[in-house]
Amino acid sequence: MLVLLSPAKTFNTKLAVPYDFPVRAPEFYSTKTQELIKELKKLDLKALESLLDVSEKIAQTNLERYTSWTKELNAENAKPAAFSFWGDVNKHFDAFSLSQEQLEYADNNVLYLSGLYGPVRPLDAIKEYRLEMGKALATSATCKNLYQFWQKTLVDYLNQRIKDEKHSFILNLASKEYAGAVDFKQLSVPSIEVQFKDQKNGVYKVISVIAKRSRGEFARWVVENKITEVEELKGFNVGGYYFKPEESTDSLFTFYRDEK
Numbered sequence: 028m029l030v031l032l033s034p035a036k037t038f039n040t041k042l043a044v045p046y047d048f049p050v051r052a053p054e055f056y057s058t059k060t061q062e063l064i065k066e067l068k069k070l071d072l073k074a075l076e077s078l079l080d081v082s083e084k085i086a087q088t089n090l091e092r093y094t095s096w097t098k099e100l101n102a103e104n105a106k107p108a109a110f111s112f113w114g115d116v117n118k119h120f121d122a123f124s125l126s127q128e129q130l131e132y133a134d135n136n137v138l139y140l141s142g143l144y145g146p147v148r149p150l151d152a153i154k155e156y157r158l159e160m161g162k163a164l165a166t167s168a169t170c171k172n173l174y175q176f177w178q179k180t181l182v183d184y185l186n187q188r189i190k191d192e193k194h195s196f197i198l199n200l201a202s203k204e205y206a207g208a209v210d211f212k213q214l215s216v217p218s219i220e221v222q223f224k225d226q227k228n229g230v231y232k233v234i235s236v237i238a239k240r241s242r243g244e245f246a247r248w249v250v251e252n253k254i255t256e257v258e259e260l261k262g263f264n265v266g267g268y269y270f271k272p273e274e275s276t277d278s279l280f281t282f283y284r285d286e287k
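Per this note's numbering, residue 28 is the first one in the sequence shown, and the count goes up by one each step.
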């Protein structure tokens, strides 16, 4: 099984990585990532602010990141993705409290989908950046956005790993924005999406912030328990969730959590 996760807009700048890992670049760092960097370097402050849809302050931070960007990756300018991304999903995946053995398992079974780096394994070294998958960064006359830029690459990459590592299914815990970069119909194995519904005022519904945290907790649970079979996924019970078969299908697993 390969688990897909979204990255984050924010990064860990305070906590030290608890183990020494070799600096390993993401698969497409020296090729496709550099293509995007080349385009990003062409943008001035206003253009970057518009592309990223952010404040002038955030645009300025990222303008400085991209104008000073060099291809070199080292322990001073990059850290493993699992310890770098600092959004709700990754905080609740909590790589900092995983053992080295668990991190190695995660590295082989978990994958972030990044707008800048494409597929990123948890121990791949990344620099801080801002470029969500849904942004319309054109790289050519026929490639108008990041979905077009990454889609074939992601399908080929995933199918190759599925073949080489004998994964039997994809567990999609990524947000719609990031999962949209993957053409799941072109994959050689089935995929399963997960949704979390929390009870509020007697009604069960998806609450966005809670769902992000729950996706991180689910990925962590998979790693801790070395889940490999589809049926095992139904046993997820972290934080009081339980599988809801009548609201689930072969490709969508729904979990409920009752109000306390």
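We put the CB at the ideal spot given by N, CA and C, even for glycine.
For residue i, which residues does DSSP report across the bridge?
| i | result |
| --- | --- |
| residue 220 | 199, 279 |
| residue 30 | 137, 198 |
| residue 145 | 141 |
| residue 225 | 232, 284 |
| residue 107 | 152 |
| residue 167 | 170 |
| residue 38 | 112 |
| residue 269 | 283 |
Near residue i, what residues of its chain come up, given a Cβ to Cβ distance below 6 Å and the 5 sequence neighbours on each side ignored?
| i | result |
| --- | --- |
| residue 268 | 282, 284 |
| residue 67 | 93 |
| residue 165 | 171 |
| residue 149 | 108, 109, 133, 134, 137 |
| residue 279 | 220 |
| residue 289 | A query on residue 289 cannot be resolved here, the shown segment of the chain reaching from 28 to 287 and no further. |
On a Cα-Cα basis, can you pick out the residue from the options that is closest to residue i?
| i | options | result |
| --- | --- | --- |
| residue 205 | 67, 139, 157 | 139 |
| residue 45 | 81, 109, 54 | 109 |
| residue 182 | 158, 214, 162 | 214 |
| residue 254 | 129, 88, 84, 61 | 129 |
| residue 173 | 95, 208, 226 | 208 |
| residue 203 | 235, 224, 185 | 235 |
| residue 258 | 229, 175, 275, 82 | 275 |
| residue 261 | 230, 50, 219, 237 | 219 |
| residue 31 | 184, 286, 277 | 184 |
| residue 89 | 117, 169, 156 | 156 |
| residue 243 | 217, 199, 99, 270 | 199 |
| residue 131 | 48, 95, 58 | 48 |
| residue 152 | 97, 248, 111 | 111 |
For residue i, I'd like the list of residues in its chain whose CB is within less than 7 Å of its CB, leaving aside the five on either flank, ordered along the chain.
| i | result |
| --- | --- |
| residue 86 | 72, 75, 76, 79 |
| residue 177 | 145, 208 |
| residue 104 | 154 |
| residue 62 | 166 |
Looking at the structure shown, is residue i part of a helix, part of a strand, or coil, going by DSSP?
| i | result |
| --- | --- |
| residue 234 | coil |
| residue 263 | coil |
| residue 211 | helix |
| residue 161 | coil |
| residue 176 | helix |
| residue 46 | coil |
| residue 55 | coil |
| residue 81 | coil |
| residue 95 | coil |
| residue 72 | helix |
| residue 256 | coil |
| residue 102 | coil |
| residue 125 | coil |
| residue 288 | Outside the shown range of the chain, which is 28 to 287, sits residue 288, and nothing can be said about it. |
Could you tell me the distance, in whole angstroms, from the CA atom of residue i to the CA atom of residue j?
| i | j | result |
| --- | --- | --- |
| residue 42 | residue 196 | 34 Å |
| residue 222 | residue 179 | 26 Å |
| residue 65 | residue 102 | 23 Å |
| residue 40 | residue 273 | 43 Å |
| residue 24 | residue 228 | Examination of residue 24 is not possible in this model, given that the chain is present from 28 through 287 alone. |
| residue 191 | residue 28 | 12 Å |
| residue 163 | residue 252 | 39 Å |
| residue 169 | residue 123 | 42 Å |
| residue 70 | residue 100 | 23 Å |
| residue 59 | residue 246 | 27 Å |
| residue 8 | residue 188 | Nothing about residue 8 can be reported from this structure: the residues present for the chain run from 28 to 287 only. |
| residue 264 | residue 248 | 9 Å |
So that I know if they touch, is there some Cβ in chain B lying closer than 8 Å to that of residue i?
| i | result |
| --- | --- |
| residue 132 | Absent from the structure is chain B; it holds one protein chain and no more. |
Which same chain residues end up closer than 8 Å to residue i when comparing Cβ atoms and leaving out the 5 residues on each side of it in sequence?
| i | result |
| --- | --- |
| residue 114 | 33, 34, 35, 36, 37, 239 |
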